[in-house]
Amino acid sequence: EKFSPPSTLEDEELGPGTIVCGGVLDEEDDKRAVEESLSDTEVYKPRLLYWCKSQIEEDREINFYINSAFLLVIVGTVAFRLTVPTLDSSRGWTTGEVLFRLPQDNWQGYLDVLRAHPVFVKAVTSGSVYALGDYTAQTTNGTPLADLDRLRVVRSAVAGFIGHGPLSHYW
Numbered sequence: 005e006k007f008s009p010p011s012t013l014e015d016e017e018l019g020p021g022t023i024v025c026g027g028v029l030d031e032e033d034d035k036r037a038v039e040e041s042l043s044d045t046e047v048y049k050p051r052l053l054y055w056c057k058s059q060i061e062e063d064r065e066i067n068f069y070i071n072s073a074f075l076l077v078i079v080g081t082v083a084f085r086l087t088v089p090t091l092d093s094s095r096g097w098t099t100g101e102v103l104f105r106l107p108q109d110n111w112q113g114y115l116d117v118l119r120a121h122p123v124f125v126k127a128v129t130s131g132s133v134y135a136l137g138d139y140t141a142q143t144t145n146g147t148p149l150a151d152l153d154r155l156r157v158v159r160s161a162v163a164g165f166i167g168h169g170p171l172s173h174y175w
């Protein structure tokens, strides 16, 4: 025989005619309870995104758009910086020639800047790799784009830029 705990008031349907500790509920008590429950719940008014139904949902949506924009800006900047120098000097080249020269020109440009400013280039490279590594760690761990910890990515980038990059130059 299973043990069933005694029912509580929360489990019971309360309405007019229900006997409770203080007497019998009437229709006025029922209306008052409904009014109190309605006054306790506030309707959420979104600050920015009108379709969101809660503060948490709006914060996640905003984070998603910020993270997406940040990633698009980085990918766009990298793509632009990698292709423009070769395209400027490629008048009359075929697409195959441009694609063949693209890695060589970018590598040569990197080596030229590395010779001119070795500590700074190593710091930027290390900071970029640290940030990319932290982003990869968060997404591999199953964190959706809306919940990425941007501050953690920035901290990792700063650690690579300030710590690892310059120190590895002098090591």
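Residue numbers (our numbering): 5 to 175.
Yeah, the Cβ is synthetic: ideal placement off N, Cα and C, and Gly gets one too.
Query: How would you label LYS126, buried or exposed, when you count the other beta carbons within 10 angstroms and need 16 or more for buried?; Result: buried
Query: For my contact list, THR129 and GLY169 are in at a C-beta cut-off of 8 angstroms; report their separation, rounded to the angstrom.; Result: 7 angstroms
Query: What do you reckon, are the CB atoms on ASP138 and ASN67 nearer than 8 angstroms?; Result: no
Query: Assuming LEU76 and LEU106 form a contact by the criterion Cβ under 8 angstroms, report the distance between their Cβ atoms to the nearest whole angstrom.; Result: The Cβ separation is near 21 angstroms, so there is no contact.
Query: Taking the alpha helix (DSSP H) that PHE124 belongs to, which residues open and close that run?; Result: 122-144
Query: Could you tell me which of ALA163, GLY167, HIS173 and VAL158 sits nearest to ASN71, measuring between CA atoms?; Result: VAL158
Query: Quick one: residues in its chain with C-beta nearer than 7 angstroms to the C-beta of LEU118, no 5 flanking neighbours on either side, listed in chain order?; Result: VAL125
Query: Within 10 angstroms of its Cβ, does TRP175 collect 16 or more other Cβ (buried), or is it exposed?; Result: exposed
Query: In the structure shown, what three-state DSSP assignment does VAL47 receive?; Result: coil
Query: Identify whether ASP109 lies in helix, strand or coil by the three-state DSSP scheme.; Result: helix
Query: Smallest Cα separation from ALA83: which of ASN110, ASP63, ASP153 and LEU115?; Result: ASN110
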